[in-house]
Amino acid sequence: MRTLVLNGPNLGRLGSREPSIYGATTYADLVALCERTGRELGLDVEVRQTDHEGEMLGWLHEAADAGVPVVLNAAAWTHYSVAVRDACSQLTGPLLEVHISNVHKREDFRSHSYLSEIATGVIVGLGVRGYTLALRWIAEEHSAEA
Ligand code: DQA
10 MRTLVLNGPN
20 LGRLGSREPS
30 IYGATTYADL
40 VALCERTGRE
50 LGLDVEVRQT
60 DHEGEMLGWL
70 HEAADAGVPV
80 VLNAAAWTHY
90 SVAVRDACSQ
100 LTGPLLEVHI
110 SNVHKREDFR
120 SHSYLSEIAT
130 GVIVGLGVRG
140 YTLALRWIAE
150 EHSAEA
């Protein structure tokens, strides 16, 4: 099953970006981890990252039209983008919101997500393993439906 893993702003800088918060895993490592996990789980995983909101909206529209599951780390957009939320509301497959850090242990403004109330589920604070856990849920859910 095709699955999109979409990453928002600054996540391309994983590895060098605030490693005490986000860890040492680079973005390239994250892509490889998601692709490897996808192969193990029988999912056709495509991982993308953008710093441009319009590009993210286009990918969400594509996912809505294709009906595919989305694992989304919307990064900072999580906390203020009604446009990203409105695009997520159009999704027809499951939406798993992932954050590498525990946003509830950080600044107050990170505790609010525009996405959580429309997401199927939310994984925060488990590092990049949050992505693999989200992919596992999608694979298990899909096989339960089949
Ligand atoms: C993040 C948390 C956000 O608050 C932050 O803006 C990010 C990354 C995370 O993965 O922990 O860029 O989504």
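Each residue of the sequence shown is one higher than the one before, starting from 10 at the first, in my numbering.
We put the CB at the ideal spot given by N, CA and C, even for glycine.
Endpoints, alpha helix (DSSP H) assigned at residue i
i: residue 46; result: 36–50
i: residue 141; result: 138–154
i: residue 30; result: 28–31
DSSP three-state assignment for residue i, whether helix, strand or coil
i: residue 87; result: helix
i: residue 95; result: helix
i: residue 21; result: helix
i: residue 108; result: strand
i: residue 119; result: helix
Residue range of the unbroken beta strand (DSSP E) whose run includes residue i
i: residue 69; result: Where residue 69 is concerned, there is no enclosing beta strand (DSSP E), although the alpha helix (DSSP H) it sits in stretches over 62–75.
i: residue 54; result: 53–58
i: residue 12; result: 11–16
C-beta contact flag for residue i and residue j at 9 angstroms
i: residue 81; j: residue 105; result: yes
i: residue 23; j: residue 39; result: yes
i: residue 18; j: residue 60; result: yes
C-beta neighbour in chain D for residue i, strict 9 angstroms
i: residue 108; result: In the structure shown, chain D does not exist; there is a single protein chain.
Integer Cβ distance of residue i from residue j, believed to fall under 8 angstroms
i: residue 79; j: residue 15; result: 6 angstroms
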